[in-house]
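Here is the structure we will look at, set down as structure tokens.
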Amino acid sequence: GLDTHQRNLIGMAHSSGSSLLQILNDILDHSKIEAGRLQLESVAFDLAQVVEDTVGVFAQAAQAKGLEIVCEIDARMPPLVTGDPVRVRQVLSNLVSNAVKFTAKGEVIVRAGWTGSPADGGSGALLYVRDSGIGIPAEAQARIFEAFAQADGSTTRRFGGTGLGLNITQRLVELMGGRIALHSQPDTVAGTEFSVQLPLQPAAGVQAPAARNRLDACSRLRGARALVVMPHRQAADVLARYLDDVGMLPVVAADWADAGTRLAQPDGAAPWRLLVIDPEALPPDDRRAVDPLAGLPRDLPVVVLTGMDGRCPAGLEHHRAVRDWLVKPVRRLPLLDALARAEDQPTTPAALPRPELPRHAASYRSRVLLAEDHPVNVVVAEAQLQRLGCEVVIAEDGQQALEQWRGAIGADRFDLVLMDWQMPVMDGLAATRAIRAEELAEGRSRTPIVALTANAMIEDRDRCVEAGMDDHLPKPFDKVQLAGVLARWIPHWRSPEAPDSQHGRLGT
């Protein structure tokens, strides 16, 4: 293995390579815009999913810095809108990336709102990215959207970059007919907020995704009381609003002492039907306790929140009351699934099944199909996946991947497919199209497929999305990035170890 010095050298080489790749991407996009050659798509897409996926990409980095990253979707958001999902994702990625980069402590808040009537200024999306970072000096705010502009020279030295990101962001927003604005108070806890208005329209004549019907599965929880125990108020309020959208009556507690007071309800009060708890709300001594939730009503279902690394107090891993686990920042649809599962399970303690989590335990290992033709990449990726608690099946080309997927049914189904898009015999795009077609024809549940590609061009990512892939993991990637993908697409995956970003990278 590598010693500490060698790992540091590799880490520096990776950081330099990543910075160079971002610079090349920025220059390519800037050149296309300048030449008037950047074409926008107009397709139906799920804006809420784009926002949540984008925030999820940066959640690992934010949480590693000790930041709370929060994502909120307006309940009025249409199921599908018409526009260019790739460019919307690019705009949001630039803003969230900057927010995480320039925030040393505190929070990053991303909100996706919707205006749906002429009285509100016309139909469209409202995106907000706010941080508690260093802010932007007043004299720099006037030129912050100019090409190659940064707040000051020290920004380049400390954080890197070209100064093209916000210029590209503004021009993409304007190409889509929207507006972007900045509000910043330097040297205050208010930090910086970017707001983006996009005149997107609800997609006409397109059926809403079936996932939106999950609200019906939670109908029995309407009017039920839920206690949310989270130390971060913004994140707790977002989760409470999601529960309110379902029809529940949420109450927020900042810590375990406050929760205990609220749980000790007077006689005659409506019973609690759900407890959602962030382990960070537990006192340090309780986090190490054998039973951190001692004293809870025996029939109260508990949902535990974890970070992207999936770690939580050992006493919660197999706790009798824990019905489900959710990764922060909490996404709406996994939350609805967790609510439905909590409600469907029996309430008699003796009848409770063992919680399905943690899925890295001996009783279950997440099954991942790795479709990759480069032997070195296979060795590195397989080792990373195994260290992250996964069972790995290898396919050397798209045809093998399709056949492996066809044969994986029932308990042997794959939780995730990692698909290199350039392979012999059948490429990853064709294999993905075939899988999606068979899922539709046979009524099989959708398997998440993540593209593996070394190509930096946005158009290549577009082709992956058009083929039916759900996400994109650019090569080279490290174990931290891979863990983020697993946490995002395997609902109950939890890491058996803290990922080490300096050990092992997958190349081209």
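For the sequence shown, the residue numbers in my numbering are 372 to 879. Where a beta carbon is used, it is the ideal one built from N, C-alpha and C, also for glycine. As the structure is a prediction and not an experimental result, all values here were calculated from the model.
With DSSP as the reference, label residue 833 as helix, strand or coil.
-> In the sequence shown, residue 833 corresponds to position 462, counting from 1. DSSP places residue 833 in helix when its eight states are reduced to three.
N- and C-terminal bounds of the beta strand (DSSP E) containing residue 796 | The count along the sequence shown starts at 1 and reaches residue 796 at position 425. First-last for residue 796: undefined, no H or E at that position.
Option in 678, 836 and 500 with minimal Cα separation from residue 480 | Locating residue 480 in the sequence shown gives position 109, counting from the first residue. Checked all of 678, 836 and 500; the closest Cα to residue 480 is 500.
Looking at C-beta atoms only, is the number of pairs between the region 737–755 and the region 781–795 that lie closer than 8 Å three or more?
-> yes
Roughly how many whole angstroms lie between the Cα atoms of residue 592 and residue 696?
-> By 1-based counting over the sequence shown, the position of residue 592 is 221. By 1-based counting over the sequence shown, the position of residue 696 is 325. Computed Cα separation, rounded: 18 Å.
Skipping 5 residues on each side, what residues in its chain have a beta carbon closer than 6 Å to that of residue 609?
-> As a first step, residue 609 must be located in the sequence shown, where it is residue number 238. Around residue 609: 441 and 443.
Please confirm whether residue 597 and residue 614 have their CB atoms less than 8 Å apart.
-> As a first step, residue 597 is located in the sequence shown; it is residue number 226 there, counting from the start. As a first step, residue 614 is located in the sequence shown; it is residue number 243 there, counting from the start. Taking 8 Å as the Cβ cut-off, residue 597 and residue 614 qualify as a contacting pair.
Quick one, are the C-beta atoms of residue 511 and residue 703 less than 8 Å apart?
-> As a working mapping, residue 511 is identified with position 140 in the sequence shown. As a working mapping, residue 703 is identified with position 332 in the sequence shown. No, the pair does not count as a contact, with Cβ atoms beyond the cut-off.
Which parts of the region 430–496 are runs of the beta strand (DSSP E), unbroken and 3 residues or longer, counting only runs that do not cross its ends?
-> 439–444, 452–454 and 478–486
Inter-stretch contact (C-beta, 8 Å, three-pair minimum) for the region 640–649 and the region 673–682 | yes
Note down, one range per segment and in chain order, each alpha helix (DSSP H) of at least 4 residues found wholly within the region 753–779.
-> 769–778
Can you check whether the CB of residue 759 is closer than 8 Å to the CB of residue 617?
-> As a first step, residue 617 is located in the sequence shown; it is residue number 246 there, counting from the start. As a first step, residue 759 is located in the sequence shown; it is residue number 388 there, counting from the start. Cβ atoms of residue 617 and residue 759: not closer than 8 Å.
Would a C-beta distance cut-off of 8 Å place residue 773 and residue 802 closer than the cut-off?
-> Within the sequence shown, residue 773 is the residue found at index 402, counting from 1. Within the sequence shown, residue 802 is the residue found at index 431, counting from 1. Closer than 8 Å, so yes.
According to DSSP, is residue 621 helix, strand or coil?
-> The sequence position of residue 621 within the sequence shown is 250, counting from 1. Looking at residue 621 - three-state DSSP - the assignment turns out to be strand.
Going by alpha carbons, who is nearest to residue 538 out of 516, 555 and 549?
-> Within the sequence shown, numbered from 1, the residue matching residue 538 stands at position 167. Cα-wise, what sits closest to residue 538 is 516.
Residue range of the alpha helix (DSSP H) that includes residue 512 = If you number the sequence shown from 1, residue 512 lands on position 141. Looking at the DSSP string, the run of the alpha helix (DSSP H) that includes residue 512 is 509–512.
If you draw a straight line from the alpha carbon of residue 416 to that of residue 571, how long is it in whole angstroms?
-> Taking the first residue of the sequence shown as 1, we reach residue 416 at position 45. Taking the first residue of the sequence shown as 1, we reach residue 571 at position 200. Each residue's Cα considered, the two are about 11 Å apart.
Mapping DSSP to helix, strand and coil, what is residue 607?
-> What you label residue 607 is simply residue 236 of the sequence shown in a count that begins at 1. DSSP places residue 607 in helix when its eight states are reduced to three.
Count the other CB atoms within 10 Å of the CB of residue 632; is the residue buried (16 or more) or exposed (fewer)?
-> On the sequence shown, residue 632 is found 261 positions in, with the first residue counted as 1. By the 10 Å Cβ count, residue 632 comes out exposed.
Reducing DSSP to helix, strand and coil, say where residue 573 ends up.
-> The count along the sequence shown starts at 1 and reaches residue 573 at position 202. Note: residue 573 maps to strand in three-state DSSP.
What whole-angstrom Cβ distance do residue 413 and residue 454 have, given they're in contact under 8 Å?
-> Sequence index remark: in the sequence shown, residue 413 carries index 42 (1-based). Sequence index remark: in the sequence shown, residue 454 carries index 83 (1-based). So it is a contact: roughly 7 Å between Cβ atoms.
Length of the line joining the Cα atoms of residue 445 and residue 484 = Reading the sequence shown from its first residue, position 74 is the one you call residue 445. Reading the sequence shown from its first residue, position 113 is the one you call residue 484. Using only the alpha carbons, I get a separation of about 5 Å.
Quick one: residues in its chain with C-beta nearer than 6 Å to the C-beta of residue 407, no 5 flanking neighbours on either side, listed in chain order?
-> Position 36 of the sequence shown, counting from 1, holds the residue named residue 407. Cβ neighbours of residue 407 beyond the five flanking positions: none.
Residue range of the alpha helix (DSSP H) that residue 634 falls in?
-> Residue numbering aside, residue 634 sits at position 263 when the sequence shown is read from its first letter. Here the alpha helix (DSSP H) through residue 634 covers 627–634.
Could you pull out every residue in the same chain whose Cβ sits closer than 7 Å to the Cβ of residue 540, ignoring the five residues on either side in sequence?
-> Here the question's residue 540 lines up with position 169 in the sequence shown. The residues are 462, 465, 466 and 551.
Assigned secondary structure, residue 859 (DSSP; H/G/I helix, E/B strand, else coil) = For the purposes of this step, residue 859 is identified with residue 488 of the sequence shown, where counting begins at 1. If DSSP states are grouped into helix, strand and coil, residue 859 belongs with the helices.
Any idea what DSSP makes of residue 653, helix, strand or coil?
-> What you label residue 653 is simply residue 282 of the sequence shown in a count that begins at 1. Looking at residue 653 - three-state DSSP - the assignment turns out to be coil, as it is neither helix nor strand.
Nearest-angstrom Cα distance between residue 554 and residue 564?
-> Numbered from 1 along the sequence shown, position 183 holds the residue referred to as residue 554. Numbered from 1 along the sequence shown, position 193 holds the residue referred to as residue 564. One C-alpha to the other measures close to 5 Å.
Which listed residue (785, 794 and 835) has its alpha carbon closest to that of residue 804 | Along the sequence shown, one-based indexing puts residue 804 at 433. Nearest C-alpha to residue 804: 835.
Under the assumption that residue 896 contacts residue 431 (Cβ atoms under 8 Å), give the Cβ distance between them as a whole number of angstroms.
-> Past the edges of the chain, shown from 372 to 879, lies residue 896, and the structure says nothing about it.
Where does the unbroken alpha helix (DSSP H) through residue 546 begin, and where does it stop?
-> Mapped onto the sequence shown, residue 546 falls at position 175. Element bounds for residue 546: 536–546.
Any idea if residue 595 is buried or exposed, counting beta-carbon neighbours within 10 angstroms, 16 or more meaning buried?
-> For the purposes of this step, residue 595 is identified with residue 224 of the sequence shown, where counting begins at 1. Residue 595 is buried by the Cβ-count criterion.
Assigned secondary structure, residue 595 (DSSP; H/G/I helix, E/B strand, else coil) | Here residue 595 is taken as the residue at index 224 of the sequence shown, counted from 1. Residue 595 falls in the coil class under three-state DSSP.
Thinking C-beta only, is residue 764 closer than 8 Å to residue 736?
-> Reading the sequence shown from its first residue, position 365 is the one you call residue 736. Reading the sequence shown from its first residue, position 393 is the one you call residue 764. No. Outside cutoff.
Beta-carbon separation of residue 556 and residue 506 under 8 Å?
-> Locating residue 556 in the sequence shown gives position 185, counting from the first residue. Locating residue 506 in the sequence shown gives position 135, counting from the first residue. Taking 8 Å as the Cβ cut-off, residue 556 and residue 506 qualify as a contacting pair.
Inter-residue spacing [alpha-carbon to alpha-carbon] between residue 810 and residue 644 | Taking the first residue of the sequence shown as 1, we reach residue 810 at position 439. Taking the first residue of the sequence shown as 1, we reach residue 644 at position 273. C-alpha separation (whole angstroms): 36 Å.
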